[in-house]
Every structure is written in C-alpha cells, then in structure tokens.
Amino acid sequence: MFDRELLRSLRAVVELGTVTAAAEHLRYTPSAVSQQLARLHRETGIELLVRRGRYLQPTPAARILAAAATEMDTVDARTRARLEELQGTPAGRVTVAGFPTACRGLIAPLVAHFAAHHPGISLVVHESYPEAGVEQTAHGEVDLAVVHEWEQLPLTIPAVLSTTVLGVDEVDLIVPSGHPATRWETVTVADLPGERWITDTTGIYARWLQQSLESARVPYEMAGLVNEHETQIQLTAHHLGLSLVPRLGRPPLPEGVEAVALSDRVPRRRLLRVEREDTIDRPALTLVRQALDRQAHSILEAMSPDSP
3 MFDRELLRSL
13 RAVVELGTVT
23 AAAEHLRYTP
33 SAVSQQLARL
43 HRETGIELLV
53 RRGRYLQPTP
63 AARILAAAAT
73 EMDTVDARTR
83 ARLEELQGTP
93 AGRVTVAGFP
103 TACRGLIAPL
113 VAHFAAHHPG
123 ISLVVHESYP
133 EAGVEQTAHG
143 EVDLAVVHEW
153 EQLPLTIPAV
163 LSTTVLGVDE
173 VDLIVPSGHP
183 ATRWETVTVA
193 DLPGERWITD
203 TTGIYARWLQ
213 QSLESARVPY
223 EMAGLVNEHE
233 TQIQLTAHHL
243 GLSLVPRLGR
253 PPLPEGVEAV
263 ALSDRVPRRR
273 LLRVEREDTI
283 DRPALTLVRQ
293 ALDRQAHSIL
303 EAMSPDSP
C-alpha cells in the first residue's frame, strides 16, 4: 500500500510542474517534497519524473500514481459519507475555506451556529484568498470554499468545480453622522464636490473612486490611504474624510458615522460557493452547505442601509 502523502506530493508535482510550486501548494518545504519523491522512487523502483528545462515531466508511471492519489481520496470521502449515514445524526468534519471578510462576516457566525445546534459536526476553517480557495477546493484540500469575483474581473474556475452564487456584496458610502448625504434620496460621488476621501492604496474601489471623481470634474482631496476597512470607518467617524466600505464582514458602525447607499455603479463582488463536481455528498456537508447559503442571504440582506 502506497503512502497517501507521498502520492499527493507526486500528484502536486505532476499538476504544477516543479517541486517548488508543489511545495508551496502543499505548504511543505521543497526539501520535504524532494525527499518524498525520492522515497516513492525507491519504493516503486520506477523512474517517475524527467527534467525538461525548468519543469519536471511525469512518466506514465507517475501519471498512474497521481491518478491513484485522487482515487484514494474519493474512496476515503465515500467511506466517510457511508459511516455518517449509519450514525443517523449528521456528524463529522467539514473543511471550509474563505477570504478574510467572508471568514469574519459569514463563516464565523456559521461556526457558532453549528457549535450550538450540531455539536457532532466539526467545522475547520481555512483563511484563503479567492484564487487559493479555488485551488484548494480543486485539489480536494477543503470540502468547499467561499470566494468572490469582481464583475469586471471574473475568477478563473477550473472545470472540476461547480459554483453557486451566494449573493452580491455591495459597497456603501460611510459618512459622519449629520452629513447632508444622509438626507438625500439618491447620492452619487458627483454630488459630493470638495469632499476629502479615505480609500485603500491599490484596490478596485480606489481606482473606481478616482476615475469617477475625475470624470465628474468635481474637486476632491485624498485625505487617507488606508487598507483596513475598520480603520477607514474610525477615521470617517473622526471627520478625516468619507470612505467606501463593503457590507460583508463590516463591524457594527460606531457612533458618529452612517452608511448611505450610492446610486453610482460602484464595483460589486459576487460571492460564490465552490465545490468539486465529483464531491461525495454526506449529511454533514449537506447541512453546512444549506446553512451557508441561508446565512449568506440573511447577512447580506441585513447589511443593507434600507433594511429595518
């Protein structure tokens, strides 16, 4: 019987082409991956990889072993599903990846829900930016991932994954309490000449804001370049300037600021749940999936400035 970890390391090299890329993907050192490949070579007695310039080309034997790693993972998942079904009550471990604001605003409340209502289900959370979450799901490292994509910059989703739209994360204008914009029926950035603004340094909101202000030919001043949304909000509360902050993961607004919905076509990000197409369904995973979908809908609705 081959060691599954050795086969997974080989599979990563087969898919990514280099020991360095495989090590980064597996969160090992390159030396550890090289040692695993050497051990697998000794155990099989067959040449597995041939160097072609910067890349390692897999031999037919390597492709067979890499496929075996996937088959073993599938058998493991199917066996776990059948064992869960025998227990009657959903139980087991479900691994969820999410980008930082999804972990904070969506997955953390989910953890609390399962701890209270389904203690037999153990949620394991991986904080991963969207591209990494997609990759981890495609390779079977996590059961599912919450990722986001911008309308202008869609994610590349491998064919092995299915996607479900959880909702759209809107951005709001954050202003000091009592600002005139809180009394207007509609607000655009063109309606705000002479304002000072706080934005991040390189993000899509910063680029959109500057382009919109310049297109409208209204005077403005960039008063702060701040990447953390919580810090932007606090600076707005202390009258440094206005800010644009997405709803998901946003903490309750402190005294001294209000959120105002913009009428502009501000960049929006779609929240997606991604899973492998060949995922073996099991009771615990089904419950997590359903709860995640409900949670996303209710939280995004509740974050609207117009919600009661």
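Note that the numbering used here has the sequence shown beginning at 3, numbered continuously upward. Where a beta carbon is used, it is the ideal one built from N, C-alpha and C, also for glycine.
- Task: Taking V220 and P182 to be in contact with their CB atoms under 8 Å, please state how far apart those CB atoms are, rounded to whole angstroms.
- Result: 15 Å between Cβ atoms; not a contact.
- Segment limits, alpha helix (DSSP H) that includes S36: Per DSSP, S36 belongs to the alpha helix (DSSP H) from 32-46.
- Message: Can you check which of these residues, A104, T20, G142, R65, is closest to Q297 by C-alpha distance?
- Response: The option with the nearest alpha carbon to Q297 is A104.
- Message: Helix, strand or coil, according to DSSP, for E187 in the structure here?
- Response: Residue state, collapsed to three classes: coil.
- Query: In whole angstroms, what separates the C-alpha of L274 from that of T201?
  - Reply: Between L274 and T201, the alpha-carbon positions lie close to 25 Å from each other.
- Message: If you follow the alpha helix (DSSP H) that Y207 is in, where does it begin and where does it stop?
- Response: Residues 206-218.
- According to the neighbour-count rule (16 or more other Cβ atoms, all chains shown, within 10 Å of its Cβ), is L155 buried or exposed? Exposed, since its Cβ has fewer than 16 Cβ neighbours within 10 Å.
- Task: Would you mind reading off the limits of the beta strand (DSSP E) that contains L51?
- Result: Counting along the chain, the beta strand (DSSP E) containing L51 begins and ends at 51-54.
- Using the beta-carbon count (16 or more within 10 Å), is Q89 buried or exposed? The residue in question, Q89, is exposed, as its Cβ has fewer than 16 Cβ neighbours within 10 Å.
- Query: With which residues is Q169 paired in a DSSP beta bridge?
  - Reply: Contrary to the premise, residue 169 reads as Gly rather than Gln in this sequence. Note: G169 sits in a beta bridge opposite L273.
- Task: Go through the segment 215-266 residue by residue and report every complete run of the alpha helix (DSSP H) that reaches 4 residues or more, in order.
- Result: For the segment 215-266, whole alpha helix (DSSP H) runs of length 4 or above, ordered along the chain, are 231-239.
- Of the residues D5, P178, V21, A70, which one's Cα is nearest the Cα of R44? Cα-wise, what sits closest to R44 is D5.
- Message: What would DSSP say about V268, mapped onto helix, strand or coil?
- Response: V268: coil per DSSP, three-state reduction.
- Task: Take L168 and list the residues in its own chain whose beta-carbon comes closer than 6 Å to its own, dropping the five residues that flank it on each side.
- Result: Same-chain partners within the cutoff: L273, R275, A298.
- Message: Considering only their Cβ atoms, is the gap separating A304 from A93 smaller than 8 Å?
- Response: Not in contact: A93 and A304 (Cβ atoms no closer than 8 Å).
- Item | CA nearest to the CA of A79, picked from V96, T190, A63, A147 | With distances taken between Cα atoms, A79 lies closest to V96.
- Task: Please go through the same chain and pick out, in chain order, the residues whose beta-carbon is closer than 8 Å to the beta-carbon of L163, but skip the five residues on each side of it.
- Result: Cβ neighbours of L163 beyond the five flanking positions: V136, T139, A140, V276, E277, R278, E279.
- Query: With a CB to CB cut of under 6 Å and the five nearest residues on each side skipped, what residues in its chain are close to E151?
  - Reply: Taking E151 as the centre and dropping the five residues before and after it, the same chain places the C-beta of L157, R272 closer than 6 Å to its C-beta, in chain order.
- Put A25 into one of helix, strand or coil per three-state DSSP. It is helical.
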